[in-house]
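Going by my numbering, the sequence shown opens with residue 1002, and the numbers climb by one from there. Encoded as C-alpha cells, the structure appears first; notes follow it.
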Amino acid sequence: MNGRGQGSPLLEVKDIRLSFKGVKAIDGVSFEVYPGELFAIIGPNGAGKTSIFNCLNQVYRPQEGDILWKGQSIMGLKPNRTAELGIARTFQNIALYPHMTVVENILTGRHIRMDTGWLSNALWLGRARRAEVEHRLRVEEIIDFLEIEQWRKHPVGLLPYGVQKRVELGRALAMDPELLLLDEPVAGMNLEETEDMARFILDIQDELGIAMILVEHDMGLVMDIADRVMVVDFGRRIAIGPPAEVQRNPDVIKAYLGEETGAASDRAQPVG
C-alpha cells in the first residue's frame, strides 16, 4: 500500500474560490491528498474539475483560499515553479511535439531537472556531459516502464493515439514528480487502451509511490482504481470519500446522473 493515505498531506486545498467575470467556477472547495494516494475528482461537464487542476499548478490564481504543498503556500508561484517543487501534469488534449521522437518528447520533461550552466552546456564540459547521460538513462527507464520501447525512435505524430497518451504520461514522469495530475488520461481510448492505461496508473502508484489526482469521465475506471473520490457540481464539493460510499450518495446520484436510470446507473458501478 506504500503507506498511502497516512501521515501529513502532500497537498492541502483550503476553501478556494475562482470566478470569471462574476461566474463562479470554483466555490469554496477544500480537500487533501496524501503521499502515494490516488485521488479522483469527478462531476458533470462544467462542474469545475479542470479549473481546480489549473489552480493546483497555478495557471489560474484563486481569488480566495489557499493551496499548500508540504505545508507551504504555493499561491502566486509561476507554473514552472510548481513543477520544480514536484507537481507534474498531463493534458486532456495531447500536447506533444509530433515531429520529434518518443525519446526526444520524454526528454523535454527533464528540462526542469537540468541545472548545468549555459557555458558548460555550450562547451559540452564534463558536468554537462554527465548530466546528459543521466537524463537519457532516466528517459530509457521510463520508456521501459511504459512498455513503449518499440516506438522509441518514431516521430510521435505517427503513433497510435493510445501510445501517444503513454508518451504524454512518460513526459510527466520525466519531471520526477511527487504528485501527478492526470487530466482525463483515457479520454478517446478504446477498451484495450483504457485497460492498459489503468494498469500503468496503478503501477505508478504501487511501484513508484507517486501520488495522483485523476480527473476522468469514465466512472467505471474511477470507481475501480481510486482510493478516494471527490464529486463537484457547479464548482462546489458535494461529496468526498471512498468510491463505494460516494457512489451511493443521493446528492451524487442526483447531480451526476440526474433522473437517468438503467444504463446510467450501470455506468456508476465499479467494474471487475
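Yeah, the Cβ is synthetic: ideal placement off N, Cα and C, and Gly gets one too.
Rounded straight-line distance, which links the Cα of residue j to that of residue i
i, j, result
"Ala1256", "Asn1081", "35 Å"
"Val1024", "Arg1018", "11 Å"
"Asp1228", "Thr1109", "31 Å"
"Cys1056", "Gly1221", "26 Å"
"Ile1042", "Glu1185", "10 Å"
"Leu1174", "Asp1204", "12 Å"
"Gln1073", "Thr1083", "12 Å"
"Arg1139", "Lys1015", "35 Å"
"Val1232", "Ala1132", "43 Å"
"Ile1068", "Val1247", "24 Å"
"Pro1036", "Leu1011", "6 Å"
"Leu1097", "Ala1240", "35 Å"
Contacts around residue i, its chain only, beta-carbon distance under 6 Å, and the 5 residues preceding and following it disregarded
i, result
"Arg1153", "Val1103, Val1104, Ile1144"
"Arg1111", "His1136, Ala1175"
Proximal residues to residue i (C-beta, below 7 Å), its chain only, five neighbours per side dropped
i, result
"Gly1118", "Summary for Gly1118: the model assigns pLDDT 48, below 50, so the residue's position carries little reliability; its value from the coordinates is reported in the next sentence. Around Gly1118: no qualifying Cβ."
"Glu1085", "Ile1113"
"Ser1020", "Ala1026, Gln1064"
Cut-off 8 Å between Cβ atoms - residues of its own chain near residue i, not counting five sequence neighbours on either side
i, result
"Asn1191", "Gly1163"
Start-to-end residues for the alpha helix (DSSP H) that takes in residue i
i, result
"Phe1201", "1192-1204"
"Val1216", "Looking at the DSSP string, Val1216 is not in any alpha helix (DSSP H); the run it does join, the beta strand (DSSP E), is 1212-1216."
"Phe1054", "1050-1057"
Proximity test, residue i beta-carbon vs the ligand FAD heavy atom, cut-off 8 Å
i, result
"Gly1023", "You won't find the ligand FAD in this model; it holds no ligand whatsoever."
Endpoints, the beta strand (DSSP E) within which residue i is located
i, result
"Gly1066", "1065-1070"
"Glu1033", "1024-1034"
Residue j beta carbon less than 9 Å from that of residue i
i, j, result
"Ile1214", "Leu1182", "yes"
"Asp1225", "Pro1244", "yes"
"Asp1028", "Gly1044", "no"
task = Go through the stretch 1166-1195 residue by residue and report every complete run of the beta strand (DSSP E) that reaches 3 residues or more, in order.
result = 1180-1184
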